[in-house]
Amino acid sequence: MEVTTENFQEVYPSILEVVKKADFVAIDAEFTGLRRKETSRYCELDSVEERYAKVREAAKDFGMIQFGITTFRYIKEKTSYSHATFCFYLLGKTGDMLYYDNSSLKFLADNGFDFNKLFKSGLPYLSILEEAEKRAEFVSQALEPFPPSPVKVAEEKAKKFLKETEEKIEALLADEGREALVLPGATLPGFFRKLLYNNIAAKHKNILVRSLVTNHERNIEIRKFESPEARLKFLEKERERKLDEKVGFTHIVRHVLESGKPVVGHNMVLDLMHLMEKTVQPLPDTLDQFKNVVKANLPTIYDTKLLAKDPPFCVDIPVTSLGILYSELCSKFSPPEFIAEKGYASHSLGGGGQAHDAGYDAFMTGVCFIAMVKKLDGSNWKNKSVVKSKHLHQYSNRLNNMNSHDIPFLNLVGPDVQTDRSRIYCVDCPGEWNVGNVHQLFHMMKPIKIVWVSSTFIYVIPPEDTDIKACKRYLKDIQASCSPMVRVRLFGDTLAVKRKSQSDDAPPGLEPTASRVHEFKRLKSVGSDQLSKMTLESPSKEELPPYMLRTMVRKKMKADPEPAFDGTFAIPDEWWLALHILENPDGWLSPVGDTGWIFIVHL
């Protein structure tokens with residue numbers, strides 16, 4: 013069932029009823045985009061905090077424009093499940109500024125998304141926090157401002173309008189069967205509307221003049237009351253009604269949260285964060301704070317993607333995208349019968365719906381959940397609802413962590429998986445490098461896994477049977493053989509961690525620097541063999557032509573005719589960009605220790 017502003021009030025009671033009877037609720041959502049910046053792309057070696065920050069950014073930047081809910085209830089006598097599906101079109105708050113990704117919108121349009129329905133009849137929402145703040149404001153706000161002063165009328169047309177309106181009001185007051193008088197506002201001049209609010213309303217204390225939209229047309233309603241107290245009571249109810257309209261979809265979310273029913277999603281971390289951001293409260297800065305928000309609102313969550321990645325399902329169904337998983341489970345694992353709740357549309361297993369419609373995706377998610385738990389329970393599944401299965405304990409409140417090398421899930425109620433990444437190599441490389449260059453550098457290891465963070469920064473994951481001692485031994489050989497344009501170190505290097513999470517202002521793989529000058533220690537006894545084995549502090553992003561660098565060197569030598577020793581002197585920070593001087597006969601650039609550089613020239 014599609015739910016918009018056109019039918020929300022009508023179907024609202026029935027939604028509350030089926031949620032109350034349900035054993036669990038399956039959800040799904042559609043968004044206006046997934047990422048705004050290239051730096052927000054998921055990396056297989058994101059920490060849990062880094063991953064949270066990326067998903068949080070997406071939930072704040074993009075809109076949630078459709079939300080699907082399907083309730084499931086076990087009928088023991090029939091060993092079947094009843095279901096009711098709702099698809100909410102969501103427009104959000106007036107004045108919201110959100111990003112729209114063209115590729116995401118085209119994808120939705122190609123899958124039948126009705127954008128006309130969204131923008132014409134999409135439901136509003138406020139977060140529960142915003143709603144509470146609005147209600148608190150009501151306590152200190154007057155229901156209506158001070159009555160306006162009457163306007164002096166000189167024009168005959170205005171006088172005639174006032175006289176005719178007064179006559180209509182007298183007729184309204186005398187007619188016990190009528191409560192209000194409606195005047196066409198679309199054709200009413202602005203000054204005449206001002207007369208209604210200032211002159212008519214000020215004269216009659218038991219009259220309320222207000223703007224009213226009926227049948228998409230703006231009108232003016234003049235409503236009568238028995239007393240000023242009745243008028244104030246009506247205004248209070250109207251204010252409450254308008255706030256309820258703004259809360260909109262959040263009424264449904266609140267009811268689901270307060271019901272305490274388990275919530276099931278598929279790869280649902282983004283769905284959950286959007287739901288919290290839009291309808292509960294702004295997402296907090298840290299992952300631990302987010303976990304506290306979820307624990308306070310949702311007691312039990314299951315992610316079907318996480319179940320599908322474990323045996324026996326990962327063996328029989330290697331692809332875990334929702335549509336394929338649903339189709340394969342229906343054909344291979346014999347799910348129970350599904351019956352639509354009375355008055356709701358039925359979905360036949362294996363078809364009968366539109367994928368990427370949030371309502372139908374929520375239905376498929378619930379079917380997958382039931383089918384997998386039924387398989388895990390074996391012959392005992394008939395005795396109880398799947399949410400009571402003992403096999404679910406290990407999946408409770410854990411969200412699938414998509415595209416992660418070694419953190420399979422985010423634990424919402426406890427510490428996350430602790431990883432040992434000391435064997436992983438971090439490589440700064442030239443922007444023109446490809447997979448072949450990486451394999452050539454790590455030729456002593458096979459197979460390796462390459463994770464590109466940017467064009468100039470990669471991770472190399474060695475074979476599982478390679479221990480840390482071997483990794484350190486290989487590191488020395490790799491550093492000795494690699495080009496000065498390349499820097500290799502193990503993950504434990506704090507600099508590697510800093511580079512991976514650097515600011516957007518610095519190019520990937522380069523440390524942001526101030527315009528300071530590096531001063532270098534005297535170096536009298538460094539042989540060429542040692543220099544060739546030294547690695548660079550930072551990789552090259554740009555190059556200067558050799559003739560330009562030679563000119564800069566000569567100018568520097570003229571300005572400083574007595575260097576620390578022959579051919580050795582300090583150089584400005586920006587010079588290190590011209591790293592190909594190593595192959596220039598006039599001299600070469602080499603690092604000194606962890607923080608220094610030396611430029612050596614042939615005199």
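So in the numbering used here, the last one in the sequence shown is 615, and the numbering has no gaps at all. Don't be surprised by glycine CBs; every beta carbon is placed ideally from N, CA and C. These numbers were taken from a predicted model, which means no experiment stands behind them.
Does the beta-carbon of residue i have 16 or more other beta-carbons within 10 angstroms, so that it is buried, or is it exposed?
i, result
"residue 326", "exposed"
"residue 298", "exposed"
"residue 429", "exposed"
"residue 392", "exposed"
"residue 412", "buried"
"residue 94", "buried"
"residue 49", "exposed"
"residue 109", "exposed"
"residue 432", "exposed"
"residue 382", "buried"
"residue 259", "buried"
"residue 308", "exposed"
"residue 324", "exposed"
"residue 150", "exposed"
"residue 465", "buried"
"residue 355", "exposed"
"residue 328", "exposed"
"residue 436", "buried"
"residue 387", "buried"
"residue 279", "buried"
"residue 377", "buried"
"residue 492", "exposed"
"residue 336", "exposed"
"residue 215", "exposed"
"residue 405", "exposed"
"residue 199", "exposed"
Could you tell me whether any Cβ in chain D is nearer than 8 Å to the Cβ of residue i?
i, result
"residue 420", "Going by chain labels, chain D is absent from the structure shown, which holds only one protein chain."
With the cut-off set at 8 Å, would you say residue i and residue j are in Cβ contact?
i, j, result
"residue 379", "residue 361", "yes"
"residue 306", "residue 424", "yes"
"residue 439", "residue 472", "yes"
"residue 276", "residue 316", "yes"
"residue 181", "residue 232", "no"
"residue 36", "residue 84", "yes"
"residue 207", "residue 183", "no"
"residue 274", "residue 338", "no"
"residue 500", "residue 487", "yes"
"residue 125", "residue 173", "no"
"residue 218", "residue 240", "yes"
"residue 100", "residue 15", "yes"
"residue 357", "residue 13", "yes"
"residue 408", "residue 312", "yes"
"residue 251", "residue 318", "no"
"residue 623", "residue 91", "The chain is shown only over 13 to 615; residue 623 falls outside these bounds and no answer can be derived."
"residue 375", "residue 38", "yes"
"residue 443", "residue 478", "no"
In three-state DSSP terms, what is residue i?
i, result
"residue 55", "coil"
"residue 462", "strand"
"residue 338", "helix"
"residue 490", "helix"
"residue 110", "coil"
"residue 441", "coil"
"residue 24", "helix"
"residue 76", "strand"
"residue 410", "strand"
"residue 96", "strand"
"residue 419", "coil"
"residue 230", "strand"
"residue 67", "helix"
"residue 236", "strand"
Should residue i be listed as close to the ligand MG, given that the test is whether its C-beta is under 7 Å from any heavy atom?
i, result
"residue 55", "The ligand MG is not part of the structure shown, which contains no ligands of any sort."
My assumption, with CB atoms under 8 Å, is that residue i sits in contact with residue j. Please give the rounded CB distance.
i, j, result
"residue 265", "residue 284", "With 8 Å as the limit, residue 265 and residue 284 do not qualify as a contact, their Cβ atoms being about 12 Å apart."
"residue 221", "residue 213", "5 Å"
"residue 289", "residue 72", "6 Å"
"residue 470", "residue 441", "7 Å"
"residue 332", "residue 344", "With 8 Å as the limit, residue 332 and residue 344 do not qualify as a contact, their Cβ atoms being about 14 Å apart."
### Query
Is it a yes or a no for the region 269 to 284 touching the region 105 to 125, going by three-plus beta-carbon pairs under 8 Å?
no
### Message
Can you confirm whether the region 103 to 111 touches the region 123 to 137 when touching is taken to mean that 3 or more C-beta pairs between the two stretches lie within less than 8 Å?
### Response
yes
### Query
Do the region 390 to 404 and the region 70 to 82 meet, that is, are 3 or more Cβ pairs less than 8 Å apart?
no
### Query
Between the region 36 to 43 and the region 366 to 379, do three or more beta carbon pairs fall short of 8 Å?
yes
### Query
Is there contact here, the region 49 to 69 with the region 16 to 29, by at least three beta-carbon pairs under 8 Å?
no
### Message
Check whether the region 413 to 421 and the region 50 to 57 touch, using three or more Cβ-Cβ pairs below 8 Å as the test.
### Response
yes
### Cβ contact check for the region 447 to 462 and the region 474 to 486: 3 or more pairs under 8 Å
yes
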